[in-house]
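Numbering-wise (our numbering), the sequence shown opens with residue 11 and increments by one. Report on the structure given below.
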Amino acid sequence: MNLGEVLMLSLTAWAACLLLITPSLELFVVLFLLGLLVARNLIEGAAPQALKGRVDLFVYIFLTIFFWIVARKVYEILSGL
């Protein structure tokens, strides 16, 4: 198996575990983003540039969702004051 297949398999296993233990979609997204960032950091030296680019695309997508979640939570807190 090449590095891309190992990465995909490990992220799929991480997502399956998260689906079993997380009570909300927001928590799932945040924890999956953390796993994705850890995986990106681990493949830094060994992965070809094309694989890093694909992983970076997913990181940017999940970061956008994360910022949306944070903005919504801040709005909920501020609207309650």
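All C-beta atoms, glycine included, are put in the ideal place defined by N, C-alpha and C. Nothing here was measured: the structure is a model prediction, and the numbers come from that model.
Between residue i and residue j, which are expected to be in contact by the criterion C-beta below 8 Å, what is the C-beta distance as a whole number of angstroms?
i: W24; j: G45; result: 5 Å
i: A49; j: L19; result: Contact doesn't hold; Cβ gap of about 11 Å is too wide.
i: L88; j: I53; result: Actually they do not touch by this definition, with Cβ atoms about 39 Å apart.
Apart from the five residues on each side of it in sequence, which residues of its chain come closer than 7 Å, Cβ to Cβ, to residue i?
i: F72; result: V39, F42, L43 and L46
i: F76; result: V39, V40 and L43
Starting from the C-beta of residue i, find all residues in its chain whose C-beta is less than 8 Å away, skip the five residues before and the five after it, and write them out in chain order.
i: V65; result: L17, L46, A49, R50, I53 and A57
Quick one: any contact between the region 27 to 35 and the region 60 to 77, if contact means 3 or more CB pairs under 8 Å?
no
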